[in-house]
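Novice: I'd like to ask you about the structure that follows.
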Amino acid sequence: MDFDLPETAVAVREGVAAVAAKYDHAYWSRCDEEHRFPTEAWRDLADGGWVGLCVPEEYGGGGAGMLELAVACETLAASGGTAGTFLYILTPGFGATTLTRHGTEEQRRRILPGVATGETQFCMALTEPDAGSNAIEIATTARVDGDELVLRGQKVWISGVENAAWMLVVARSTPAFEARERLGSRTAGFTIALVDVPEALAAGTLSYTPIPKLGGNIVTSSQVFLDDVRVPLANVVGEVDHGFSVLWDVLNPERILAAAGGVGGAEAALQLAVEYAGEREVFGRPIGANQGIAFPLAQVKAKVELARLMTYNAAWLFDQGRPCGNETSIAKLTAAQVAWEAADRAFQTFGGMAYSKEYPVERLFRDSRIGKNIPVSEELVLAHIGTQMLGLPRSY
């Protein structure tokens, strides 16, 4: 369906689609099987300006917003690059959006031009072995030492470290009990710092170990160890002890882009299923003529359109600077659900052939499943909707 998108977003959809058309399902499957970053696709997207979309024009970017970025992410995923959602979350999402909103002028001048050209990549380190969705409990510390922060702790499931020039690290600069007493809030006492990844690796204070995983292998996901990583205070994003407000402007874009990737992934799986259902004949007619095949696919199509609308709405609200936590939660929930349902229906439509690597269905099946767990679990999204939108009592 066509939405009344602004001309800028329509141009993005057409531009990204033209680039993505050069990279078929076989390309993305090879990258996944070889655990290889899609360098060629990334370079083409960057050269076309589709990576630096939301970098302000004065730093070499396109000056667009989250809506255009979501359209780009959706379009790439719909072409078959379902794991390409990581590409948009990590650098344009974590990097460009965060620095544009909260970085200092010096940080923006120093880093954003490289983001705009695709030469500079980002990752973000929040999750820990004992603190995932419950970010309040993170244990990584940030100690002020003169004009530096000293970071110490462990992170887990951090994607893209191997290619990143910069890592956004969320650390606790004031212990929780002291933050409540001295700063007046359980969400105070957090600091977000920009870590120069190559520099910290060379110093031996940062290390990482890749985690073998089911899919999405175009980027690694790693355990990260910070052993007294020294960061200049000039690399703090926002203010020391007051990073939680910045964090929400990191997490909301992450959820919007994850939703956009889910919508695109659902479209990719649906397209494969519809094509196969129209060509595959059993008992003398295409299997798509059977309501047992057609109706579930039609149901998926309806849900895709609803998830797309909610994703665009959340992105638009973010661009307007309006509260969008509820909308991003609903977008992430519905898009992740329909991406999984679309991949599952595609699997069923292909029958036994879906199990073969001859077809990309098995990769879309693997890529779609993680969306129900990240960047926040389905259950916690439902808990948010229940408490924040329905006014039900908290269970945690």
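FYI, UniProt numbering numbers position 342 of the sequence shown as 342, with every residue one higher than the one before it. For each residue, glycine too, the CB sits at the ideal point set by N, CA and C.
(1) What are the start and end residues of the beta strand (DSSP E) that includes threonine 141?
(2) Specify the secondary structure class of tyrosine 23 as computed by DSSP and reduced to three states.
(3) According to DSSP, is proline 92 helix, strand or coil?
(4) Is glutamate 128 near valine 156, with beta carbons less than 8 Å apart?
(5) Quick one: Cα of glycine 93 to Cα of arginine 13, how far?
(6) Quick one: grab the DSSP three-state call for histidine 35.
(7) Taking only three categories from DSSP, how would you classify cysteine 73?
(8) Would you tell me roughly how many angstroms separate the C-alpha atoms of cysteine 324 and valine 376, rounded to the nearest one?
(9) What are the uninterrupted segments assigned as alpha helix (DSSP H) that are 4 or more residues long and contained completely in the UniProt domain "Acyl-CoA oxidase/dehydrogenase middle" (123 to 229), given in chain order?
(10) Take every Cβ of the region 39 to 59, pair it with every Cβ of the region 202 to 212, and state whether three or more of those distances are shorter than 8 Å.
(11) Among Gly264, Ser368 and Gln121, which residue has its Cα nearest to the Cα of cysteine 73?
(12) Quick one, which of Ser159, Asp145 and Asn163 has its alpha-carbon nearest serine 173's?
(13) Whole angstroms are fine: how far does the CA of alanine 135 sit from the CA of phenylalanine 225?
(14) How many Å lie between glutamine 388 and threonine 328 at the Cα?
(15) What residues match up with arginine 285 in a beta bridge as DSSP calls it?
(16) Just to confirm before moving on: does the CB-CB distance between leucine 380 and serine 133 stay below 8 Å?
Specialist: Well, looking at it:
(1) By 1-based counting over the sequence shown, the position of residue 141 is 141. Here the beta strand (DSSP E) through threonine 141 covers 141 to 145.
(2) Walking along the sequence shown from the start, residue 23 turns up at place 23. Three-state DSSP puts tyrosine 23 in coil, outside helix and strand.
(3) Here residue 92 corresponds to residue number 92 of the sequence shown, with the count starting at 1. If DSSP states are grouped into helix, strand and coil, proline 92 belongs with the helices.
(4) The sequence position of residue 128 within the sequence shown is 128, counting from 1. The sequence position of residue 156 within the sequence shown is 156, counting from 1. A contact, by the Cβ cut-off of 8 Å.
(5) Translated into positions along the sequence shown, residue 93 becomes position 93. Translated into positions along the sequence shown, residue 13 becomes position 13. In a straight line, the C-alpha of glycine 93 is about 17 Å away from that of arginine 13.
(6) Counted from its first residue, the sequence shown places residue 35 at position 35. Histidine 35: coil per DSSP, three-state reduction.
(7) Along the sequence shown, read from residue 1 onward, the residue named residue 73 stands at position 73. Reduced to three states, the DSSP call for cysteine 73 is helix.
(8) As a first step, residue 324 must be located in the sequence shown, where it is residue number 324. As a first step, residue 376 must be located in the sequence shown, where it is residue number 376. In a straight line, the C-alpha of cysteine 324 is about 16 Å away from that of valine 376.
(9) 197 to 203
(10) no
(11) Here residue 73 refers to the residue found at position 73 of the sequence shown. With distances taken between Cα atoms, cysteine 73 lies closest to Gly264.
(12) The sequence position of residue 173 within the sequence shown is 173, counting from 1. It is Asp145.
(13) In the sequence shown, counting from the first residue as 1, residue 225 sits at position 225. In the sequence shown, counting from the first residue as 1, residue 135 sits at position 135. Each residue's Cα considered, the two are about 18 Å apart.
(14) Indexing the sequence shown from 1 puts residue 388 at position 388. Indexing the sequence shown from 1 puts residue 328 at position 328. So the alpha carbons of these two residues sit roughly 13 Å apart.
(15) Translated into the one-based positions of the sequence shown, residue 285 becomes position 285. Arginine 285 pairs with Val282.
(16) Residue mapping note: residue 380 aligns to position 380 of the sequence shown, counting from 1. Residue mapping note: residue 133 aligns to position 133 of the sequence shown, counting from 1. Yes, the pair counts as a contact, with Cβ atoms nearer than the cut-off.
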